[in-house]
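FYI, in the numbering used here the residues of the sequence shown are 19 to 1016.
Glycine is no exception: its CB is placed at the ideal position from the N, C-alpha and C atoms.
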Amino acid sequence: MILTQRLGRRLLAAASAFALAAALPAGLGAAPAAAADGVPPTPLDLNTTRAFSDSFQQDPSLNTDPLYGLNVGLDTRQSQPSGKQGISYTRVSGRWDTVAPPAPWFVQTSHPDHPNKLLFTSGISGVMLGAPAVADATGHYTVSTVIDPVVGDTGSADWGSLVLSRSHRSNGYVTGADVDLGLTVTSAGKLALFHGGGGETPFWTGTVTPTAQYAVSLTVSTGADRAVTLTVNGTSFTVSAPGTVNRWPSSSFLYLGAYLSNSSQVTTFGDGAGHGLDVSRVDTSSNTSAKPLVDTFDGAPNATADFGLNQDLSARQPSLISANYSAVSGVKGLAADPAPGSVQVNSPAHPNVLSFPKGTSAVRLNKPATSDLSGQYTVHTVLTPVVGSTTGQDWASLAVSNASGGTGAVDAEDVALGLRVQADGGLALYQGGSATALPPVSPATGTYDVSITLASGDRQQATVKVNGSTVFAGRTTAQLPRDGYVSLGAHHSAAGQVTTADDLRISMLGGLGYYGYYDIRDPDPNDNNGVNHAPEVAPWTNFNGYIRGNDPRVDFLDSCLPASCTIDVNNEVVIQRADDHDRFNPNPDAEKNLDALVKRIGSNMDKIAAVDLTDEAYWRGLNATQVQTQATQIKKAFPGKMLILSYAWTDISPGHPAPPEVDIVGLDDYCVGRGRIHDELDELKHRLSSADQHLMLFPESIQVYTSCKTDADIAATNAEYRRIAAQDPRIVYLQNFRWLGPDQPNQYPKTVATERAIGTAVVNATPTPRPASVGVYRPSDGSFSQAAHNGVFTGSAVLPGTHQADDVPLAGHWNGPGTDTPGVYHPGTRTFELFNGNGTTTATYQFGDTGDVPLVGDWSGQGRTTIGVYRPSDQTFYLSDDNVNPKYRIKLGNPGWKPLVGDWDGNGTTTVAVYDPATQNFYLNDSNQTEHVRPAIRFGNPDDVPIKGDWDGTGKETIGVYRPSDGSFYGAAENSNLVIYSAKFGNWGDRPLVGNWG
């Protein structure tokens, strides 16, 4: 089938999008669009802190089923600033062996028998405060409370606990592996401090005189002294951290818990007279919304292959979502790996920060900062260009790039907006490779608080602030992206210099960051008592949807993490039609009902991240005006919360718009295949009110229609949804339909295993294979040019040596795993010349005979790329593992066919394939020793050049073509002729290259 006929409008639209996105130098692609006039954006304050105090004082009559007073009346019993909501608690298990919290009566506030106190009863349980404790300007934070470990007992070994953990996903048990610092106070006055999974063995113990209750103050120093000051009933102990702790983290979630061996015993916190729980300072911005990313860089293990860069991400990032990084060169030009150790997190010499100890280097965040409905986003960090110095022109940088895979160089053409900050306070602003000097700022301590705010779309405005002062505000010359890829970099001129970055905060991230289930709780209180199934999937979800049905209760919110749950409001805003229960009419009392719901939610409002409009509202019979009215009503009742609208695929049409108040728009169509979902997504994007609205998909978790007949079918479909999301940073949420209970893993074992793997990777930001990028070799001048996966130019270079018109470009990781770098095959001398990323020749090998076609791959899975050839005269591949002698010989194909090699099954080994130009058929072989040819796949047009690449980051390479007539690259899905990737790059006469360079 002809490729353009196979894709039709979708291929042309996608290719056009890539062409418009490209920011290439002259001769390589389209210029960026001209910027429009507008108003400079106002930066968001992404780092707000305040003191916290909860007296636990409230009327005991408010301690009722099902909330038991825990998150009731916080606005009156806590000391929040005027106009701000209280900070809620999340019920956790408090145990070592389960994530499921116990029944709600296990933790209560102001029980009639224990008024004005926090009460733990009936065994083991815990709660988490919904904002992390953070260090003040002196590097300290303090937690204080009054604990009665066992009411009425002064001799028991049972205890109350304070636990500090970087992770907001901890169980809150004092000896858990994710515990940074845990304190137990027994009824008999015995004290113990624990750290990080050391079992039941504390690193410090002490005692105080037994008494009815213990006034406890715990002060943590995040400085070099690593001290903990514990004061109990006036007796102070100063304790040093164990040797495994380089520094205490500067940000930790606080858990309160109890261990009671007798179910009739109770533990209390607070003295009943107003001293409940006090924290010297808490971060009120990191998780008040589901949108931001925060990275503290605290506590990650540094003695790892990546020097801590991608370690403990979901723990050190207190925000709901997490993201990982790539270490990059920081140098303009072709991509190259920096020297090992050039980028480190929590190094012994520079704890709890991101550091650059080796010359020039950078890190790139692998998810983009993205605009929300405001049309803008803010990126913040704290930079120290040269630790210990306030002089000189060595620098640190913060950059936002159009390219998904740039080198992190602030002066690169792909950088839409970048700021370079010198040690002496000198500033330079970079736009598309051009620098503008800005007025310097005072070097003061040598540390600079930096923020960049971009307004994309038609506005094309930016605001840059350094140490609180605006140093730039106005129109930009370079195209500002809706999805901007953030990098942090450093440049040193002398050995021994170190740059650090800390406290990275981004107002919203694009790409898949939310993962969960639709209908995670039985909505009918008479059906299994309205069981909340969220704990069953907690290890691999972070954003679950609660369908309330006719159940008025909202107690499930007590177990939600901050800004992690979505709720429906169907019961408030619509009424079922009498003649058709699948169809709805607007509820005339919607506003009143929503107000009543908000009052019932009360202090748990901070648990809600998003509110769903009526599910498949148009299919349910609502018209555009009614859907718009509903969105307006919900936004008024839930200000600051995201809105979600889902579409049945049949309702994607011009008459069914998504209201502009809607943040995330979902597409619902089950078991229809990747191609149809792609088409429907493209159509849906045309119907959105704003380019800043994001997307979600609904993979099926159970058999919805007979088209997905087996568990294996559903599991495979889930994997396809993940691949779709990996290709589009606008897709931020996969909400699986549905989770029915603890037996689901038995009913759908393959599906649940797939969902668990996908969700775990999303929640923990597990690094995944980087998708292929494209490039070209220009024989006329011997230059290589590279583009990121999204088609944006990232760098070029003319490599040394003599260039011939018949040279063949190559790409591979010649010295081991890492970024692919160029190579050239010179047919006249049968010589492979392989280059390092800096353009120097790493090796030269002569191999094969005249007329052979050069190939490179990892033929045995040894982790590095070696050479080979295909001999057209006898259709034989000769593949070398040592770049000297052939190890594999295999005959495949017919005269006139072209060779191709790739890792077709994702096992780390490159195997052979052939392409028939006459029929455009590809034949893939999964072995280099015997013929095991897969069924033919027809793809492309006559005169296309066969290529391969891992187009969607699955770890498997699939077929593709390069079309010389227009410089287009097309990549296909596995074992399919469905186009899943397209980009235009280069000029007429260029030769295509595909590799892993970002």
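Asked	Found
Other residues of its chain near Val428: CB distance less than 7 Å, five sequence neighbours each side excluded	Ser415, Ala417, Gly436, Arg438, Tyr448 and Gly507
Every unbroken beta strand (DSSP E) within the region 294-356, with a cutoff of 3 residues, ordered by chain	295-301, 311-313 and 343-346
Chain-order list of residues whose beta-carbon lies under 7 Å from that of Glu718 (same chain, five-residue window excluded)	Tyr688, Cys689, Cys726, Ile732, Thr735 and Phe755
Val203 and Met146 closer than 8 Å at C-beta	no
Assigned exposure category for Ala430 - 16 Cβ within 10 Å defines buried	buried
Spatially closest choice to Gly1007 from Asp984, Thr839, Thr784 and Asp968, by CA coordinates	Asp984
Host alpha helix (DSSP H) of Ile732 (start-end)	Asp729 to Ala744
Buried versus exposed call for Lys610 [16 or more other C-beta atoms within 10 Å across all chains shown]	exposed
Paired residues, beta bridge with Asn562 - DSSP	Cys583
Distance CB(Ser582)-CB(Ala308) smaller than 8 Å	yes
Uninterrupted beta strand (DSSP E) stretches inside the region 623-681 (no shorter than 3 residues)	626-630 and 660-666
Boundaries of the alpha helix (DSSP H) in which Ile776 is found, first to last residue	Pro767 to Val781
Close Cβ partners of Leu21 (< 6 Å) along its chain, the five nearest in sequence each way excluded	With a pLDDT of 27 at Leu21, under the threshold of 50, the modelled position of this residue cannot be trusted, and the question is left open.
Check whether Thr928 and Asp867 have beta carbons under 8 Å apart	no
Whole-angstrom C-beta distance between Gly290 and Ser143, which should lie under 8 Å	Rounded, the Cβ-Cβ distance is 20 Å, inconsistent with contact.
Terminal residues of the beta strand (DSSP E) in which Arg796 lies	Ser791 to Arg796
Alpha-carbon to alpha-carbon, Asn641 and Lys483	45 Å
Identity of the residues DSSP links to Met146 by a beta bridge	Thr108 and Tyr273
Bridge partners - Asp686, DSSP secondary structure assignment	Ala666
At least 3 beta-carbon pairs within less than 8 Å: the region 400-411 vs the region 489-497	no
Val124 in three-state terms, based on DSSP	This sequence places Phe at residue 124; Val is not what is there. Helix.
Paired residues, beta bridge with Thr454 - DSSP	Leu447
Unbroken alpha helix (DSSP H) run spanning Val257, endpoints	Note, Val257: premise wrong, no alpha helix (DSSP H); beta strand (DSSP E) at Thr253 to Ser258.
Burial state of Leu42 (16 or more Cβ within 10 Å)	Per-residue confidence for Leu42 stands at a pLDDT of 34, beneath the threshold of 50, marking its modelled position as unreliable; no derived number is given.
Coil, strand or helix - Gln515 by DSSP	coil
8 Å Cβ shell around Val459 - same chain, five flanking residues per side excluded	Gly443, Leu445, Tyr466, Val484, Asn485, Ser487 and Val489
Candidates Leu327, Lys617, Asn925 and Leu248, of which the one nearest Pro369 by Cα	Leu327
Other residues of its chain near Asn903: CB distance less than 8 Å, five sequence neighbours each side excluded	none
Short Cβ contact (8 Å threshold) for Tyr533 with Thr559	yes
Own chain partners of Leu278 with C-beta closer than 6 Å, once the 5 adjacent residues on each side are dropped	Gly141 and Asp176
N-terminal and C-terminal residue of the alpha helix (DSSP H) that Asp700 is part of	Arg692 to Arg705
His551 beta carbon less than 8 Å from that of Gly777	no
Local conformation of Ile538 per DSSP, three classes	coil
Simplified DSSP assignment, three categories, for Ser469	strand
C-alpha gap between Ser344 and Arg382, whole angstroms	5 Å
Inter-residue spacing [alpha-carbon to alpha-carbon] between Val1012 and Thr223	60 Å
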